[in-house]
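Engineer:
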Amino acid sequence: MRNELKRRLKADEQLYGTWITLEAPMVSEMMSTLGFDYFVIDTEHAPLDIRTAQTLMQTMHPSSKTTPIVRVWWNDIVAIKRALDVGAYGVLVPWVNNKEEAELAVKATRYAPDGLRGCGPRRAAMFDPDYLKTADEEIAVIVQIETREAVANIEDICSVEGVDATYIGPADLSASHGHLGNMSHPDVQKAIDRVYDATKAAGLAAGIHQGSGSIIKKRMEKGYNLVTVGNDLIYMRMGVQNQFKELGIKK
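Count the sequence shown with the numbering used here and you get residues 1 to 251, in order.
Structure representation (structure tokens):
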């Protein structure tokens with residue numbers, strides 16, 4: 001196994017990705033040809049189960065250089081194990097609030113004696129005879145920061161060996177600060193900046209979820225490594241809206 005995404009994050013490169021939320025294999029197949037650096041296949045909020053996540057990875061075009069990451073539905077050893085066994089190159093783990101939870105996320109991706117991952121890699125090792133020798137070093141672990149508690153503990157979280165990146169979830173972070181839906185509130189922006197600064201100070205990659213086009217550009221300029229620029233559902237809606245506008249159709 002060789003994870004180019006992880007190598008590029010360690011080199012402090014800026015990468016651009018998208019969320020895959022639709023249970024439609026042709027969507028992931030087509031979008032994997034467009035040049036995204038990573039997909040996050042969302043099994044937390046989107047209606048995707050582990051079988052669908054596997055199918056979406058299987059249908060990615062053979063020539064694609066897009067790295068598939070799965071956002072698991074919880075910081076759960078079984079959820080993480082299953083995502084990796086079907087072929088994910090890394091996991092985005094939601095609701096990581098302290099050092100102990102970050103350690104659990106890492107251990108769930110590692111085989112014994114260093115971790116707790118059960119040995120049954122199935123599709124992940126089907127065409128890779130070196131998978132068991134390389135997986136521990138190659139799997140990317142991205143922890144999602146989305147609560148006041150996580151922000152307060154961010155230095156401890158970033159100190160956990162095996163964490164490759166933090167990823168800010170502004171929506172839940174704003175709710176946790178008492179500003180549901182107001183991600184631009186100064187309290188929320190202060191928390192976002194603290195997470196970014198602590199992450200970079202620890203030598204880790206920093207990621208953040210999407211906003212409007214202007215906000216995304218500001219995040220790119222600031223130096224975020226994982227820049228999510230949208231999701232499949234948003235692109236479909238934008239495509240229709242743009243064509244209606246071009247044709248002068250008012251709806």
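Every residue, glycine too, gets a C-beta built ideally from N, C-alpha and C.
With a CB to CB cut of under 6 Å and the five nearest residues on each side skipped, what residues in its chain are close to ALA102?
Structural biologist: VAL96, VAL143, ILE157, VAL160 and VAL163
Engineer: Can you check which of these residues, VAL106, PRO170 and GLN58, is closest to PHE127 by C-alpha distance?
Structural biologist: GLN58
Engineer: With a CB to CB cut of under 7 Å and the five nearest residues on each side skipped, what residues in its chain are close to ALA125?
Structural biologist: TYR131 and LEU132
Engineer: Quick one: using the 10 Å Cβ neighbour count with 16 as the cut-off for buried, is SER28 buried or exposed?
Structural biologist: Counting of Cβ neighbours within 10 angstroms places SER28 among the buried residues, the total reaching 16 or more.
Engineer: Would you call the region 10–26 in contact with the region 36–55, where contact means no fewer than 3 C-beta pairs closer than 8 Å?
Structural biologist: yes
Engineer: For PRO68, name the three-state secondary structure that DSSP assigns.
Structural biologist: strand
Engineer: Could you tell me how far apart the beta carbons of PHE39 and PRO68 are, in whole angstroms, since I believe they sit closer than 8 Å?
Structural biologist: 5 Å
Engineer: How close, in whole Å, do the beta carbons of ILE154 and VAL195 come, if the pair is a contact with beta carbons under 8 Å?
Structural biologist: 5 Å
Engineer: Determine the DSSP secondary structure at ASN182, reduced to helix, strand or coil.
Structural biologist: coil
Engineer: Starting from ASN242, follow the beta strand (DSSP E) in both directions and report where the run begins and ends.
Structural biologist: Note, ASN242: premise wrong, no beta strand (DSSP E); alpha helix (DSSP H) at 232–247.
Engineer: Would you grab the beta carbon distance between VAL151 and ALA105 for me? Rounded to a whole angstrom, and I think it's under 8 Å.
Structural biologist: For a cut-off of 8 Å, the C-beta gap from VAL151 to ALA105 is around 17 Å, too long to register as a contact.
Engineer: According to the Cβ coordinates, are THR18 and VAL240 closer than 8 Å?
Structural biologist: No.
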